[in-house]
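What follows is a set of notes on a single structure, which appears directly below.
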Amino acid sequence: MSGANSHYDGINPETDFTDELKVFTVPTLVMHGDGDQIVPIADSANAKVPNPDLLAFTRVQSARAA
């Protein structure tokens, strides 16, 4: 799935992927803009992914894949 619907599903509070995050077994890089107004950066810092690396972008509202 791509486009606006998948982006909405990713931020929809009714969509909770927490259980799926706990089973990651590969190195994971969490990227987050420190100016994100939808998801606080503290939520990324406390990600449920085992041993994540956090890359915070300063003065960025949201980090998007190109």
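To convert, take the position in the sequence shown, counting from 1, and add 13; that gives our numbering.
C-beta atoms are modelled at their ideal positions from N, C-alpha and C, and glycine is treated no differently.
The structure presented is a predicted model; accordingly, all values stated were derived computationally and were not measured.
When only Cα atoms are considered, F30 and V73 end up about 24 Å apart. In this structure, the alpha-carbon of D47 lies about 21 Å from that of L34. An exposed status is given to V36, since fewer than 16 other beta-carbon atoms sit within 10 Å of its beta-carbon. Cβ-Cβ distances below 7 Å link A69 to H45, D47, I54 in the same chain, with the five nearest sequence neighbours on each side left out; the list follows chain order.
For D66, the uninterrupted beta strand (DSSP E) segment begins and ends at 66-70.
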